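Undergrad: In the UniProt record's numbering, the protein residues as written are 1 to 257. Glycine is no exception: its CB is placed at the ideal position from the N, C-alpha and C atoms. Quick caveat, the model's predicted, so the values are computed rather than measured. Pasting a structure below so you can have a look.
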């Protein structure tokens with residue numbers, strides 16, 4: 001995470017690096033080397049693919065290939081393409097359509113509008129679908145009638161979405177390890193002691209929540225945070241100035257920011 005601001009910047013990251021990204025889930029099990037991003041890399045639903053090569057005793061062995069940057073298990077994203085493979089126009093068109101069809105149902109901007117409508121509802125009409133992990137407007141209740149949902153969603157719950165949302169636990173895709181309040185307070189105290197005023201929170205929603213909460217409650221609190229996370233569910237709770245849908249493995253902003 002990087003931070004930006006004239007008075008002082010800081011980054012806080014809760015996700016690991018690329019370690020463990022290469023493994024035996026790919027064709028021709030053996031040692032794999034990550035070669036990184038290529039300028040003309042093809043894309044899957046998670047953005048530009050990364051370039052890999054099989055290695056033996058530290059040397060390249062075999063053809064280079066592209067695979068998904070975010071998912072280490074092909075059951076989650078089976079994108080695969082040889083680096084030197086010629087891809088037909090028909091296949092490219094089908095891939096583009098597939099990528100479009102595997103994007104979230106609502107855009108971030110639409111989610112912001114939905115949130116504005118949601119907070120205007122009386123408490124008795126604020127529902128959250130646990131199965132779909134989605135804030136529900138009254139017109140959508142019937143569609144989710146056979147799902148488990150939470151009622152009477154309070155303002156406090158809306159300000160702490162990481163406690164409302166189920167953690168994503170697939171360790172090979174986007175396992176989430178959320179900071180405890182004590183850890184967040186330690187980090188925030190450190191940020192304040194160092195004089196930083198802008199924090200870029202990459203994969204650290206709990207820290208982002210704490211900063212946002214204090215900023216809304218304390219007039220003299222000057223720290224601001226921007227959350228970058230691959231978990232698009234957070235777009236339901238934050239404006240486009242507070243959250244960006246982001247894949248840290250390939251430095252890809254899904255919204256084109």
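(1) Can you name, in chain order, every residue of its own chain whose Cβ lies under 6 Å from the Cβ of residue 157, other than the five neighbours on each side?
(2) When you compare each of 149, 223, 80 and 104 to residue 230 by their alpha carbons, which one comes out closest?
(3) Should residue 190 be labelled buried (16 or more other beta-carbon atoms within 10 Å of its own) or exposed?
(4) Cutting at 6 Å between CB atoms, please list the residues of its own chain near residue 27, excluding the five before and the five after it.
(5) Are the segment 87-98 and the segment 203-215 touching by the rule of at least three beta carbon pairs closer than 8 Å?
(6) Assuming residue 90 is part of the alpha helix (DSSP H), what are its boundary residues?
(7) Assign residue 101 to one of two classes, buried (16 or more other C-beta atoms within 10 Å of its C-beta) or exposed (fewer than that).
(8) Check whether the Cβ atoms of residue 50 and residue 34 sit closer than 8 Å, and answer yes or no.
(9) Spatial neighbours of residue 137 within its chain, please: CB distance less than 7 Å, with the 5 preceding and 5 following residues excluded, ordered by chain position.
(10) With DSSP run on the structure shown, which of helix, strand or coil describes residue 40?
(11) Roughly how many angstroms separate the alpha carbons of residue 64 and residue 80, rounded to a whole number?
(12) When DSSP builds the beta bridges, which residues end up paired with residue 48?
(13) Give the straight-line distance between the Cα atoms of residue 246 and residue 122, rounded to the nearest whole angstrom.
(14) Give me the Cβ distance between residue 161 and residue 178, rounded to the nearest whole Å; I'm assuming they're in contact under 8 Å.
(15) Can you confirm whether the segment 202-209 touches the segment 134-154 when touching is taken to mean that 3 or more C-beta pairs between the two stretches lie within less than 8 Å?
(16) Rounded to a whole number of angstroms, what is the C-alpha to C-alpha distance between residue 43 and residue 255?
(17) So what's residue 241 in DSSP terms, helix, strand or just coil?
(18) In chain order, what residues of the same chain have a beta carbon less than 8 Å from the beta carbon of residue 25, not counting five sequence neighbours either side?
(19) What ranges does the beta strand (DSSP E) occupy inside the segment 155-201, keeping only unbroken runs of at least 3 residues that lie completely in it?
(20) Can you list, in chain order, the residues of its chain whose CB lies under 6 Å from that of residue 224, leaving out five sequence neighbours each side?
(21) Would you mind working out which of 181, 46 and 235 sits nearest residue 78, comparing C-alpha positions?
(22) Opposite residue 225 in the DSSP bridges: which residues?
(23) On the DSSP bridge list, what partners appear for residue 253?
(24) What does the Cβ neighbour count give for residue 98, buried or exposed, with the cut at 16 atoms within 10 Å?
(25) Tell me, to the nearest whole angstrom, how far the beta carbon of residue 92 is from that of residue 250; I am working on the premise that it is less than 8 Å.
(26) Less than 6 Å between C-beta atoms, sequence neighbours within five positions excluded: which residues of the same chain meet that for residue 232?
TA: Let me lay it out:
(1) Short of 6 Å from the beta carbon of residue 157, and not among the five residues preceding or following it, lie these beta carbons of its own chain, in chain order: 164.
(2) Per the Cα distances, 104.
(3) Exposed: under 16 other Cβ atoms inside 10 Å.
(4) For residue 27, the pLDDT reaches just 49, beneath the cut-off of 50, and the residue's location in the model is therefore unreliable, leaving the point undetermined.
(5) Taking a cut-off of 8 Å for Cβ pairs, the segment 87-98 and the segment 203-215 do not touch, as fewer than three such pairs fall below it.
(6) From DSSP, the alpha helix (DSSP H) with residue 90 extends over 89-101.
(7) Looking at its Cβ environment, which holds fewer than 16 other Cβ atoms inside 10 Å, residue 101 is exposed.
(8) Yes, these two residues count as a Cβ contact at 8 Å.
(9) 114, 117 and 118, listed in sequence order.
(10) Here residue 40 sits in coil by DSSP.
(11) Those two C-alpha atoms are separated by around 11 Å.
(12) Beta-bridge pairing links residue 48 to 43.
(13) Spanning the two alpha carbons is a distance of roughly 33 Å.
(14) That pair is no contact at about 11 Å.
(15) These segments do not touch.
(16) Spanning the alpha carbons of residue 43 and residue 255 requires a straight line of approximately 14 Å.
(17) Note: residue 241 maps to coil in three-state DSSP.
(18) Interpretation of residue 25 is limited by its pLDDT of 44, a score under 50 that renders its predicted location unreliable; no figure is taken from the coordinates.
(19) Unbroken beta strand (DSSP E) runs of no fewer than 3 residues, entirely contained in the segment 155-201, are not found.
(20) 198, listed in sequence order.
(21) For residue 78, the nearest C-alpha among the options comes from 46.
(22) Paired residues: 199.
(23) Note: residue 253 sits in a beta bridge opposite 246.
(24) Residue 98 counts as exposed, since fewer than 16 other beta carbons sit within 10 angstroms of its beta carbon.
(25) Going by Cβ atoms, the distance from residue 92 to residue 250 rounds to 19 Å, so no, they are not a contact pair.
(26) Counting only Cβ-Cβ distances below 6 Å, and skipping sequence neighbours, we find 104 and 245.
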